[in-house]
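Presented below is the structure to which this report refers.
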Amino acid sequence: MKTFIFKQRVYFSDTDAGGIVYHASYLNFAEHARTESLREISSVSQGEMLAKFNYGFVVKSIFIDYKKPAFIDDLLTVKTSVKEFKKFSAVFEQLIYREEELLTSLEVKVACIDLATKRPILIPEEVLKGFNLQ
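Numbering (my numbering), first residue to last: -10 to 123.
Printed below as a string of structure tokens:
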């Protein structure tokens, strides 16, 4: 399976008063990386997926392990890979590094839903192919 690489600079808005990355900011970093990985593998943007094709991915659960802090102006690397794919859901492993140092690991379960009905739907073939799963 592919591993997708996304670079993220830490800005003032990502930190607390001490210049340390606020714990919830890691959720944004992970979301940005997952969005860009979908953009890389798909011929449709996330906006088109939502507006034109009426499906999207919603987060069902997240497990985060904070190992070491990140600081203002750090350049982080988020490595995203698919740990598990099922018919209606996927589990992403996301590792956040500063250079070679692992700072945070996340396991994010997402479900594919029909936006009109809010019900689970099969993950589209295009997405499976993009992640080398079909």
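Idealized CB from N, CA, C, for every residue including glycine.
Owing to the predicted nature of the structure, the values given are computational and were not obtained by experimental measurement.
Same chain, Cβ closer than 6 Å to residue i, five either side skipped, listed in chain order
i	result
Ser94	Asp54, Leu84
Residues bridged to residue i [DSSP beta-bridge criterion]
i	result
Thr93	Tyr55, Ile85
Gly45	Ile102
Ile110	Beta-bridge pairing links Ile110 to no other residue.
Residue i - containing beta strand (DSSP E), residue span
i	result
Leu117	Per DSSP, Leu117 belongs to no beta strand (DSSP E); it is in the alpha helix (DSSP H), 114 to 119.
Leu64	64 to 74
Ile9	That residue, Ile9, is in no beta strand (DSSP E); it is neither H nor E in DSSP.
Terminal residues of the alpha helix (DSSP H) in which residue i lies
i	result
Thr4	Thr4 -> no alpha helix (DSSP H), and no H or E assigned at all.
Ile30	14 to 30
Status (buried if at least 16 other CB within 10 Å, exposed otherwise) for residue i
i	result
Thr69	buried
Ala22	buried
Thr106	exposed
Leu27	buried
Val47	exposed
Nonlocal neighbours in the same chain, by C-beta distance under 7 Å from residue i, ignoring five residues either side
i	result
His12	Tyr55
- Query: Is there contact here, the region 100 to 119 with the region 56 to 64, by at least three beta-carbon pairs under 8 Å?
  - Reply: Fewer than three Cβ pairs drawn from the region 100 to 119 and the region 56 to 64 lie within less than 8 Å of each other, which leaves the two stretches out of contact.
- Message: Contact between the region -8 to 8 and the region 41 to 51 is defined here as three or more beta-carbon pairs at a separation below 8 Å; is this criterion met?
- Response: Verdict: no, contact absent.
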